[in-house]
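Q:
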Amino acid sequence: MRAWLMDGYEGVEKLRLGEVPEPQPGPEQVLLRVKFAALNPADAFLARKMYPANPSLPHILGRDGVGDVIAVGSGVESIRVGVTVGILRCEVGVEQWGTLAEKVVVPAKSVTRIPTGWSDEEMAGAPLVFLTAWQALTQWLNPPAPPSAGSVLLVTGASGGVGVASVLLGKSMNLTVVALSRSAEKRAKLKQLGADFVFDPMENKLLEAVMAALGPRKVDLVVDSVGGALLPQVVTVLGYGGRISVVGRSGGMVPKFNTATLFFRRNRIGGVSVGDFTAQEAHAAWEQIVGRLDALGQRPQVDTIVPFEEVKMGFERLGHGPMGKVLVRVAD
Ligand SMILES: NC(=O)c1ccc[n+]([C@@H]2O[C@H](COP(=O)([O-])OP(=O)(O)OC[C@H]3O[C@@H](n4cnc5c(N)ncnc54)[C@H](OP(=O)(O)O)[C@@H]3O)[C@@H](O)[C@H]2O)c1
Numbered sequence: 477m478r479a480w481l482m483d484g485y486e487g488v489e490k491l492r493l494g495e496v497p498e499p500q501p502g503p504e505q506v507l508l509r510v511k512f513a514a515l516n517p518a519d520a521f522l523a524r525k526m527y528p529a530n531p532s533l534p535h536i537l538g539r540d541g542v543g544d545v546i547a548v549g550s551g552v553e554s555i556r557v558g559v560t561v562g563i564l565r566c567e568v569g570v571e572q573w574g575t576l577a578e579k580v581v582v583p584a585k586s587v588t589r590i591p592t593g594w595s596d597e598e599m600a601g602a603p604l605v606f607l608t609a610w611q612a613l614t615q616w617l618n619p620p621a622p623p624s625a626g627s628v629l630l631v632t633g634a635s636g637g638v639g640v641a642s643v644l645l646g647k648s649m650n651l652t653v654v655a656l657s658r659s660a661e662k663r664a665k666l667k668q669l670g671a672d673f674v675f676d677p678m679e680n681k682l683l684e685a686v687m688a689a690l691g692p693r694k695v696d697l698v699v700d701s702v703g704g705a706l707l708p709q710v711v712t713v714l715g716y717g718g719r720i721s722v723v724g725r726s727g728g729m730v731p732k733f734n735t736a737t738l739f740f741r742r743n744r745i746g747g748v749s750v751g752d753f754t755a756q757e758a759h760a761a762w763e764q765i766v767g768r769l770d771a772l773g774q775r776p777q778v779d780t781i782v783p784f785e786e787v788k789m790g791f792e793r794l795g796h797g798p799m800g801k802v803l804v805r806v807a808d
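Next comes the structure, spelled out in C-alpha cells:
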C-alpha cells in the first residue's frame with residue numbers, strides 16, 4: 477500500500493511517500509481502507525521527537541481518520557466488513573502505524589460509527605480535538621463534569637482544532653465564551669459559531685478589553701492551547717478559584733511567570749492529556765460530544781482538504797493556524 481513514511485526524526489518536511497506491505501488485523505482489530513485522515517500538531521511534534529512516543533521506524537503518522545472496514549480479526553463481533561467508521565483516540569499514529577496510509581489497522585474497541593447526519597469529512601478530524609476539549613472542560617470536578625451553567629470560559633487559540641471544539645462544547649454547556657484569535661476573519665467566524673466575545677490576543681489592552689466586556693464577572697475557566705507569553709496574561713483575568721486547563725503550547729515556552737498571581741485567588745493550573753482516556757471513557761465522552769453538537773445544531777469545522785500526495789502542504793497549512801481541521805483525502 478502507499479503511505480507517508482517517517483524514516484527518522486527530522487520533521488514532517490522529510491516524510492516520504494512510499495510503499496509498504498499492507499497490515500493485517502490481529503485479534504480484536506479491524507482493517508480500514510482510509511477515506512480521510514486528519515492532521516494534528518502532535519504529528520509534527522512526534523516527527524521532531526518532541527512527543528512521548530517511540531514507534532519503530534519507518535513509522536506512519538496520523539491519529540484521526542475515517543475509513544471503510546475491509547477485514548476484521550478474530551474475536552471482533554461488534555463491527556462488520558463494509559461499514560464506515562471513525563477512529564477514537566488510541567495508539568494509531570503514535571506507537572502504531574497511523575492514518576496517512578491507504579490502509580490502517582485499528583483496535584475494534586476504538587472505532588465508532590459516523591453520527592447520523594454527519595459527513596465523513598466532519599467526522600474525520602473531530603475525535604482527537606473534541607475529546608481533548610471535553611477533558612479540558614470537565615476535568616476540574618470529580619467525577620468529571622461540565623462547569624456550572626453561566627460560568628465564563630476563555631479559549632486561547634480558539635480557531636484551532638481544540639479551540640473550536642472548546643467554543644462549541646462551552647456553548648453546549650451554557651457557558652459565556654470569550655474566544656481569542658489573531659485573525660479578524662477567524663474572530664468573525666468564531667462569533668458565528670457562538671462565541672460571546674472575541675479578541676485579538678496580540679492587542680495591547682487585551683486584559684482591559686476582556687474585563688470591560690465581562691463587567692463584574694471574571695473568567696472561571698481557561699482552555700489554553702497557546703501558552704507562551706499569553707499564559708501569564710490570562711492568569712490575571714481569572715476570578716477566585718479560576719482554573720486553567722493547559723492543552724498545548726502553540727505559542728512556545730512561557731517566558732516568565734510569578735506564582736504569586738495564583739495564591740490570593742486560589743487559582744489552579746492543570747494539564748490535559750487526551751491519551752489518558754481509556755477506550756471506554758473515550759466512547760462515553762464521544763457520546764456526550766455528539767449529543768451536545770446535535771442539540772446545538774453545530775458540526776466540527778473543516779478548514780482545508782488536501783490530496784493524499786500533498787500531505788506536506790497540509791502540514792504547512794496547519795502550521796499557519798487553520799480555522800478548524802486540516803484533512804487529507806486518501807481515497808474517495
Ligand atoms: N494535551 C493534549 O492531550 C492535546 C491534545 C490535542 C492537542 N494538543 C495541543 O494543543 C495545541 C493546539 O492543538 P490544535 O489541534 O488546536 O492546533 P491548531 O489547530 O494548529 O490550532 C492552534 C491555534 O493556536 C493559535 N496559535 C498558533 N500559534 C500561535 C502563537 N504563536 N501565538 C498565539 N496563537 C497561536 C492559532 O490561532 P490563531 O491563528 O487564530 O491565533 C491556531 O489556530 C497544540 O500544541 C497541540 O499539540 C494537546
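Each residue of the sequence shown is one higher than the one before, counting from 477 in our numbering.
All C-beta atoms in this analysis are idealised placements derived from N, C-alpha and C, irrespective of residue type, glycine included.
Using only the alpha-carbon positions, how far apart do V674 and Q709 sit?
A: Rounded to whole angstroms, V674 to Q709 spans 16 angstroms at the Cα level.
Q: Compare the beta carbon distance of L707 and V730 with 8 angstroms and say whether it is the shorter of the two.
A: Yes; because the gap between Cβ atoms is below 8 angstroms, this pair is in contact.
Q: Alpha carbon to alpha carbon, how far is V653 from A807? Give it in angstroms, no decimals.
A: Approximately 37 angstroms between the Cα atoms of the pair.
Q: Residue range of the alpha helix (DSSP H) that K525 falls in?
A: No alpha helix (DSSP H) holds K525; DSSP gives it neither H nor E.
Q: Could you check if T608 belongs to the surroundings of ligand 1, using beta carbon to heavy atom distance under 7 angstroms?
A: Under cutoff, so the answer is yes.
Q: For G502 and S586, I'd like the C-alpha separation in whole angstroms.
A: In a straight line, the C-alpha of G502 is about 14 angstroms away from that of S586.
Q: Ordered along the chain, which non-local residues of its own chain (more than five positions away) have a Cβ less than 7 angstroms from that of V510?
A: Hits under 7 angstroms: G541, G543, T575, A577, E578, K579, V580, V806, A807.
Q: Could you pull the start and end residues of the beta strand (DSSP E) that E504 belongs to?
A: Taken as a continuous stretch (DSSP letters only), E504 belongs to no beta strand (DSSP E), as it is neither H nor E.
Q: Shorter than 7 angstroms, the distance from the beta carbon of G637 to the closest heavy atom of ligand 1, or not?
A: Yes, Cβ of G637 sits closer than 7 angstroms to a heavy atom of ligand 1.
Q: On the DSSP letters alone, give me the boundaries of the alpha helix (DSSP H) that V638 sits inside.
A: That run of the alpha helix (DSSP H) goes 637–648.
Q: Note down the Cα distance separating E571 from V559, rounded to an integer number of angstroms.
A: Computed Cα separation, rounded: 25 angstroms.
Q: Using a threshold of 7 angstroms, is the CB atom of V730 nearer than that to any non-hydrogen atom of ligand 3?
A: No copy of ligand 3 appears in this structure; the ligands present are ligand 1.
Q: Counting only runs of 4+ residues fully inside the stretch 566–604, write out the alpha helix (DSSP H) ranges in chain order.
A: For the stretch 566–604, whole alpha helix (DSSP H) runs of length 4 or above, ordered along the chain, are 596–600.
Q: According to DSSP, is I745 part of a helix, a strand, or is it coil?
A: In this structure, I745 counts as strand in the three-state DSSP scheme.
Q: Quick one: is M526 buried, meaning 16 or more other Cβ sit within 10 Å of its Cβ, or exposed?
A: By the 10 Å Cβ count, M526 comes out exposed.
Q: Count the CB pairs spanning the stretch 630–647 and the stretch 765–774 that are closer than 8 angstroms, and state whether there are at least three.
A: Result yes; three or more Cβ-Cβ pairs closer than 8 angstroms.
Q: Tell me whether Q500 is buried or exposed, calling it buried when 16 or more other Cβ atoms sit within 10 Å of its Cβ.
A: When all chains shown are included, Q500 counts as exposed.
Q: Using C-beta distances below 6 angstroms, list every residue in its chain close to G670, excluding the 5 sequence neighbours before and after it, in chain order.
A: Answer for G670: K647, listed in chain order.
Q: Using only alpha-carbon positions, find the residue among H759, I536, R744 that is nearest to V695.
A: Checking every option, the nearest Cα to that of V695 belongs to R744.
Q: Quick check: the stretch 633–645 against the stretch 680–694, are there 3 or more CB pairs under 8 angstroms?
A: Because the criterion of three Cβ pairs below 8 angstroms is not met, the stretch 633–645 and the stretch 680–694 do not touch.
Q: Counting along the chain, where does the beta strand (DSSP E) carrying F673 start and finish?
A: Taken as a continuous stretch (DSSP letters only), the beta strand (DSSP E) holding F673 covers 673–675.
Q: So is M678 buried or exposed if we call it buried at 16+ other beta carbons inside 10 Å?
A: M678 should be labelled exposed.
Q: Threshold first: 3 residues or longer. Then list the beta strand (DSSP E) segments lying entirely within the stretch 697–784, N to C.
A: Correct list: 714–722, 744–747, 778–783.
Q: Which value, in whole angstroms, describes the spacing of the CA atoms of A600 and L630?
A: Distance between the alpha carbons of A600 and L630: 26 angstroms.
Q: So what does DSSP say about D519, is it helix, strand or coil?
A: Three-state result, D519: helix.
Q: Could you name the residues of the same chain whose beta carbon sits closer than 8 angstroms to that of G795, not counting the 5 residues immediately before and after it, in chain order?
A: Answer for G795: A520, listed in chain order.
Q: Flag G633 as yes when its Cβ comes closer than 7 angstroms to any non-hydrogen atom of ligand 1, and as no otherwise.
A: Result yes, Cβ under 7 angstroms from ligand 1.
Q: On the DSSP letters alone, give me the boundaries of the alpha helix (DSSP H) that E661 sits inside.
A: 660–668 is the extent of the alpha helix (DSSP H) around E661.
Q: Considering only C-alpha positions, which residue in the set I546, S721, A523, V787 is nearest to H535?
A: The shortest Cα separation from H535 among I546, S721, A523, V787 belongs to A523.
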